[in-house]
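Student: Provided herewith is a single structure, encoded as structure tokens, for subsequent inquiry.
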Amino acid sequence: MSLVELVRLALARLAVSRLRAALTMLGIIIGVASVIALVAVGQGATSGITSQLQALGTNLLTVNPGAATSGLVRGAGGSATTLTIDDAGALERIEGVAAIAPEARTQQVVVVGTRNTTTQIVGTTADYARVRNFDVWQGTFLSPVAVGSGLRVAVLGSTTADDLSLGAESLGSTVSINGLPFTVIGILQPKGGVGFASQDDQILVPLAAVQKYFTGSDSVRTIDISVASAEQMADVTNAITAELRTRHELAAADADDFSITNQAQLLSTVGNITAILTALLAGIASISLVVGGIGIMNIMLVSVRERTREIGIRKAVGARGRDILAQFLIEALTLSLLGGLIGIAVGLGVSALIGQLAGWGFQFNPLTVAAAVVFSLIVGVVFGVWPARMAARLDPISALRYE
């Protein structure tokens, strides 16, 4: 029999028992759809995290204080108060530093009329917008004069402005931060992110205002540094380390009381972690493909038993063993291929839906789709060979006698 005749016969047999064929393909459909959807989710999450990290700034170094120690208990990193505004001033003079922005943060209730929200109040300097790649949508950013004088002026993130129902017409109006009036001078362009990762849900005010009215300390939480070029990142990092160790009077045997985070290293680490998680999720999802293959084997074994007399008749009129083998193998391949194609459509649909809900858009990887098709065909071959060989080896006399 020709290949076309064998495919036509396989489709005809599957059409006779459509419900059974559909249930058999369900495992393949779920497996392929799961693999495609989970890989797309992993790639989308990687893309989303990467874009948010890149939005933090270009060639960014972040200096954080070390961990505070109380008795024999060491706190979390960043809990100490070892960084000051004077440290930031000293680091600004290092060769290769393009801009620097120290930060002091506190969470406060902000009230405007009858509306209120709880958000991050970030005390910083005029270079913050340059270091963190912020653009002003309306109004102006913090000026050196306002920062130097510690004026009670505020620049709102887009989310915070929306929560308080403030727009362009609100420039010059007053917001109450923990009971203190601050004049709104600007609203930032949105940068994206959700929850704790959102850079849009914050209010920027002069650093001196936060230290005077909220923290009561001259320490800073972080020092953000924009390096002039990527090639200078390592040299600037070493210079920062040396400068801070000297300023903090640390002996050679003493551990650093600060840490420096490199944006490029962070991006690489995030990429590696998400790649491993994506591969793990895809591997778990592929187990359902194996289950689907077992279902194909089971239904093909049942089919061989049901069609034993048919096999005997075909062999009696001249069909060869390889014809019978090819017929049943193509039926198994047809089941797995149809299931794989439907699974691809379902997986792409789920990927698009999740991408829309999560905000990172539709992630399409042709290699994943091709791998899903190939894997579904392999499943059909692997789990279809045994029933096909059983059918091909049936003795025609015994098969004709089978009831």
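First residue of the sequence shown? That's 56 in the working numbering, and the numbers climb one at a time after it.
For glycine and all other residues, C-beta sits at the position ideal for the given N, C-alpha and C.
For N188, name the three-state secondary structure that DSSP assigns.
Tutor: As a position in the sequence shown, residue 188 is number 133, starting the count at 1. Residue state, collapsed to three classes: coil.
Student: Within the chosen definition, does the segment 343-355 reach the segment 433-446 through at least 3 CB pairs nearer than 8 Å?
Tutor: The segment 343-355 vs the segment 433-446: in contact.
Student: Quick check: the Cα distance between M288 and I278, rounded to an integer number of angstroms?
Tutor: Taking the first residue of the sequence shown as position 1, residue 288 is located at position 233. Taking the first residue of the sequence shown as position 1, residue 278 is located at position 223. C-alpha separation (whole angstroms): 15 Å.
Student: So what's F419 in DSSP terms, helix, strand or just coil?
Tutor: Walking along the sequence shown from the start, residue 419 turns up at place 364. Looking at F419 - three-state DSSP - the assignment turns out to be coil, as it is neither helix nor strand.
Student: Compute the Euclidean distance between the alpha carbons of L403 and N114, then round it to the nearest angstrom.
Tutor: On the sequence shown, position 348 is the one that residue 403 refers to. On the sequence shown, position 59 is the one that residue 114 refers to. Roughly 36 Å between the two C-alpha positions.
Student: Measuring alpha carbon to alpha carbon, tell me which of A181, S225, T238 and V186 ends up nearest A209.
Tutor: Looking up residue 209 in the sequence shown gives position 154. Among A181, S225, T238 and V186, the Cα nearest to that of A209 belongs to T238.
Student: Pick helix, strand or coil for L243, following the three-state DSSP scheme.
Tutor: Here residue 243 refers to the residue found at position 188 of the sequence shown. Here L243 sits in strand by DSSP.
Student: Tell me whether the beta-carbon of G435 lies closer than 8 Å to the beta-carbon of L396.
Tutor: The residue you call residue 435 lines up with position 380 of the sequence shown. The residue you call residue 396 lines up with position 341 of the sequence shown. Not in contact: G435 and L396 (Cβ atoms no closer than 8 Å).
Student: Are the Cβ atoms of Q382 and A65 separated by less than 8 Å?
Tutor: In the sequence shown, residue 382 corresponds to position 327, counting from 1. In the sequence shown, residue 65 corresponds to position 10, counting from 1. Contact flag set, yes.
Student: For F438, which of V282, L392, V405 and A426 has the nearest alpha-carbon?
Tutor: Within the sequence shown, numbered from 1, the residue matching residue 438 stands at position 383. Nearest option by C-alpha distance: L392.
Student: Can you check whether the CB of G178 is closer than 8 Å to the CB of L262?
Tutor: As a first step, residue 262 must be located in the sequence shown, where it is residue number 207. As a first step, residue 178 must be located in the sequence shown, where it is residue number 123. Their beta carbons are under 8 Å apart, which means L262 touches G178 by this criterion.
Student: Can you list, in chain order, the residues of its chain with a C-beta nearer than 8 Å to that of I226? Leave out the 5 residues immediately preceding and following it.
Tutor: As a position in the sequence shown, residue 226 is number 171, starting the count at 1. A quick correction: the sequence has Leu, not Ile, at residue 226. Closer than 8 Å at Cβ, skipping near neighbours: Q193, G194, V239, I240, G241 and I242.
Student: Which term fits Q162, buried or exposed, when burial requires 16 or more other beta carbons within 10 angstroms of its beta carbon?
Tutor: In the sequence shown, counting from the first residue as 1, residue 162 sits at position 107. By the neighbour-count rule (16 or more Cβ atoms within 10 Å), Q162 is not buried but exposed.
Student: Decide yes or no for the touch test of the segment 149-158 against the segment 283-303: beta carbon pairs closer than 8 Å, at least 3 of them.
Tutor: As far as the Cβ criterion goes, the segment 149-158 touches the segment 283-303, which means the pair count is three or higher.
Student: Assign N327 to buried or exposed, taking buried as 16 or more other Cβ atoms, counted over all protein chains shown, within 10 Å of its Cβ.
Tutor: As a first step, residue 327 must be located in the sequence shown, where it is residue number 272. Flag for N327 reads exposed.
Student: So, do the segment 161-176 and the segment 300-309 have three or more beta carbon pairs nearer to each other than 8 Å?
Tutor: The segment 161-176, when compared against the segment 300-309, does not touch it at the 8 Å Cβ threshold.
Student: Please state whether the Cβ-Cβ distance between D53 and T292 is less than 8 Å.
Tutor: An answer regarding residue 53 cannot be provided, because it is not within the stretch 56 to 458 covered by the chain.
Student: Is the closest heavy atom of the ligand PLP to the C-beta of G121 under 7 Å?
Tutor: Ligands are entirely absent from the displayed structure, and the ligand PLP is therefore not among its contents.
Student: In whole angstroms, give me the CA-to-CA distance for S406 and Q266.
Tutor: By 1-based counting over the sequence shown, the position of residue 406 is 351. By 1-based counting over the sequence shown, the position of residue 266 is 211. Looking at the two C-alpha atoms, the distance is approximately 46 Å.
Student: In chain order, which alpha helix (DSSP H) runs of at least 4 residues are fully inside the segment 143-171?
Tutor: Counting whole runs of 4 or more residues, the segment 143-171 contains no alpha helix (DSSP H) stretch at all.
Student: How would you write the range of the beta strand (DSSP E) that D279 sits in, first residue to last?
Tutor: Start at 1 with the first residue of the sequence shown, and residue 279 comes out as number 224. Residues T277 to V282.
Student: With DSSP run on the structure shown, which of helix, strand or coil describes N353?
Tutor: In the sequence shown, counting from the first residue as 1, residue 353 sits at position 298. Reduced to three states, the DSSP call for N353 is helix.
Student: Applying the 10 Å Cβ sphere with the 16-neighbour rule, what's the burial state of G234?
Tutor: Translated into the one-based positions of the sequence shown, residue 234 becomes position 179. Exposed: under 16 other Cβ atoms inside 10 Å.
Student: Does DSSP classify L69 as helix, strand or coil?
Tutor: Taking the sequence shown and counting its residues from 1, the one referred to as residue 69 is at position 14. Helix.
Student: In the DSSP output, which residue or residues are listed as bridge partners for F313?
Tutor: Counting from 1 along the sequence shown, the entry for residue 313 is found at position 258. The partner list for F313 (beta bridge, DSSP) reads P120.
Student: Can you give me the Cβ contacts of V167 inside the same chain, cut-off strictly under 6 Å, excluding the 5 residues immediately before and after it?
Tutor: Along the sequence shown, one-based indexing puts residue 167 at 112. Once the five neighbours on either side are set aside, the close Cβ partners of V167 are L219 and V230.
Student: In whole angstroms, what separates the C-alpha of V401 from that of I258?
Tutor: In the sequence shown, the residue the question calls residue 401 occupies position 346. In the sequence shown, the residue the question calls residue 258 occupies position 203. Going by the C-alpha atoms only, they are around 43 Å apart.
Student: For the candidate residues L388, G350 and A223, whose alpha-carbon lies nearest to that of R75?
Tutor: As a working mapping, residue 75 is identified with position 20 in the sequence shown. Closest option to R75, Cα to Cα, is G350.
Student: How about Q244 and D182: do their beta carbons lie closer than 8 Å?
Tutor: Working through the sequence shown from its first residue, we reach residue 244 at position 189. Working through the sequence shown from its first residue, we reach residue 182 at position 127. Not a contact, by the Cβ cut-off of 8 Å.
Student: So, is R63 buried or exposed, given that buried needs 16 or more other C-beta atoms within 10 angstroms?
Tutor: One-based indexing of the sequence shown puts residue 63 at position 8. Exposed is the call here.
Student: Could you give the distance in angstroms between the alpha-carbon of S213 and the alpha-carbon of V164?
Tutor: Position 158 of the sequence shown, counted from the first residue, corresponds to residue 213. Position 109 of the sequence shown, counted from the first residue, corresponds to residue 164. Rounded to the nearest angstrom, the two C-alpha atoms are 17 Å apart.
Student: According to DSSP, what are the bridge partners of Q257?
Tutor: As a position in the sequence shown, residue 257 is number 202, starting the count at 1. Paired residue(s): Q175.
Student: What is the DSSP secondary structure of L235, counted as helix, strand or coil?
Tutor: Within the sequence shown, the letter at position 180 stands for residue 235. In this structure, L235 counts as strand in the three-state DSSP scheme.
Student: In the DSSP output, which residue or residues are listed as bridge partners for S274?
Tutor: Counting from one through the sequence shown, the residue named residue 274 turns up at place 219. Bridge partners of S274: T139.
Student: Please classify L115: does DSSP put it in a helix, a strand, or coil?
Tutor: Counted from its first residue, the sequence shown places residue 115 at position 60. Note: L115 maps to strand in three-state DSSP.
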